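Numbering (this note's numbering), first residue to last: 48 to 157.
What follows is a set of notes on a single structure, which appears directly below.
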């Protein structure tokens with residue numbers, strides 16, 4: 048039988064001219080991975096951010112909200128251009144929170 052060295056010595060002809068695959072063929076797997084990552088991870092994340100921003104922009108007096116800290120309350124007013132919300136959490140108990148700290152709306156306003 049043949050040894051390893053003899054098998055390599057008897058091998059076929061090397062590729063003609065040492066041609067390399069085209070640029071597109073070489074980077075196709077990377078391009079495909081980027082497209083898959085975009086479709087499965089980045090696009091849904093951008094969509095969720097857009098929905099969150101739309102929800103924050105639509106907050107108005109009377110909305111029942113939950114903050115990111117878990118505080119439940121009703122918006123009773125808005126202060127200044129920064130959009131500080133005055134939230135009533137109990138009778139005669141009001142706190143000020145920023146719009147960005149609202150995580151969800153539980154009920155629509157008046």
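We put the CB at the ideal spot given by N, CA and C, even for glycine.
Please read these numbers as outputs of a predicted model, since none were measured by experiment.
Collapsed DSSP secondary structure at residue i in the structure displayed
| i | result |
| --- | --- |
| residue 100 | helix |
| residue 147 | helix |
| residue 132 | strand |
| residue 78 | helix |
| residue 126 | strand |
| residue 108 | coil |
| residue 118 | coil |
Beta-carbon spacing of residue i, residue j below 8 Å
| i | j | result |
| --- | --- | --- |
| residue 110 | residue 136 | no |
| residue 150 | residue 114 | yes |
| residue 147 | residue 112 | no |
Buried or exposed (CB count within 10 angstroms, at least 16 for buried), residue i
| i | result |
| --- | --- |
| residue 132 | buried |
| residue 88 | exposed |
| residue 82 | exposed |
| residue 140 | exposed |
| residue 144 | buried |
Residue closest to residue i, alpha-carbon to alpha-carbon, out of the options
| i | options | result |
| --- | --- | --- |
| residue 117 | 134, 126 and 105 | 134 |
| residue 138 | 100, 125, 76 and 119 | 119 |
| residue 142 | 126, 99 and 100 | 126 |
CB-CB length for residue i against residue j, believed under 8 Å
| i | j | result |
| --- | --- | --- |
| residue 108 | residue 124 | 6 Å |
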